[in-house]
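Worksheet for the structure shown next.
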Amino acid sequence: TSRLLHRIQSETNPNGAAASITGFGSGTVEPVWHRLESITIPVLLLAGENDIKYRNIAEEASSLFSEAEYRIIPSSGHRIHSDNPDGYIQAITSWILKTV
Numbered sequence: 005t006s007r008l009l010h011r012i013q014s015e016t017n018p019n020g021a022a023a024s025i026t027g028f029g030s031g032t033v034e035p036v037w038h039r040l041e042s043i044t045i046p047v048l049l050l051a052g053e054n055d056i057k058y059r060n061i062a063e064e065a066s067s068l069f070s071e072a073e074y075r076i077i078p079s080s081g082h083r084i085h086s087d088n089p090d091g092y093i094q095a096i097t098s099w100i101l102k103t104v
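To convert, count from 1 in the sequence shown and add 4; that's the working numbering.
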């Protein structure tokens with residue numbers, strides 16, 4: 005997976021990436037923290053062990069949902085699905101089996 009990720013990153017158009025960040029970056033969207041408590045379905049929040057910023061955000065957000073579970077995926081950073089695919093799949097699968 006690391007070779008594929010490297011290939012994808014090397015082929016990424018810098019202008020497209022910049023446009024994506026400009027249009028969808030966290031500083032450009034309306035904050036919705038105040039609306040999280042109205043979500044009443046089960047929610048799974050995942051964060052990478054080495055992604056301190058998003059671990060803190062996910063932990064804080066988990067307290068705002070009425071039914072949320074927060075898990076840290078070991079040996080991963082911001083891209084948990086590629087840093088630790090097995091841990092990512094295991095976390096989602098076990099949560100679905102427990103929740104559904």
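Note that CB positions come from ideal geometry on N, CA and C, so glycine has one too. Bear in mind that the values here come from a model prediction, so they are computed numbers and not experimental data.
Which one of the options has the shortest CA to CA distance from residue i?
i	options	result
Gly-91	Ser-42, Phe-69, Ala-51	Ala-51
Pro-89	Ile-77, Asn-17, Glu-64, Leu-49	Ile-77
Phe-69	Glu-53, Val-36, Ser-79, Ser-86	Val-36
Glu-73	Ser-14, Val-33, Ile-96	Ile-96
Ser-42	Glu-71, Asn-60, His-10, Gln-94	Glu-71
Can you give me the C-alpha to C-alpha distance between residue i and residue j, rounded to a whole angstrom?
i	j	result
Ser-66	Asp-55	16 Å
His-82	Tyr-58	8 Å
Thr-103	Leu-48	10 Å
Ile-45	Glu-64	18 Å
Asn-60	Arg-39	19 Å
Ser-80	Ile-93	13 Å
Arg-7	Ser-14	10 Å
If you reduce the DSSP assignment to three classes, tell me which class residue i lands in.
i	result
Gly-52	strand
Ile-77	strand
Considering residue i, what are the terminal residues of the beta strand (DSSP E) in which it resides?
i	result
Ile-93	Premise fails: Ile-93 lies in the alpha helix (DSSP H), 89 to 103, not in any beta strand (DSSP E).
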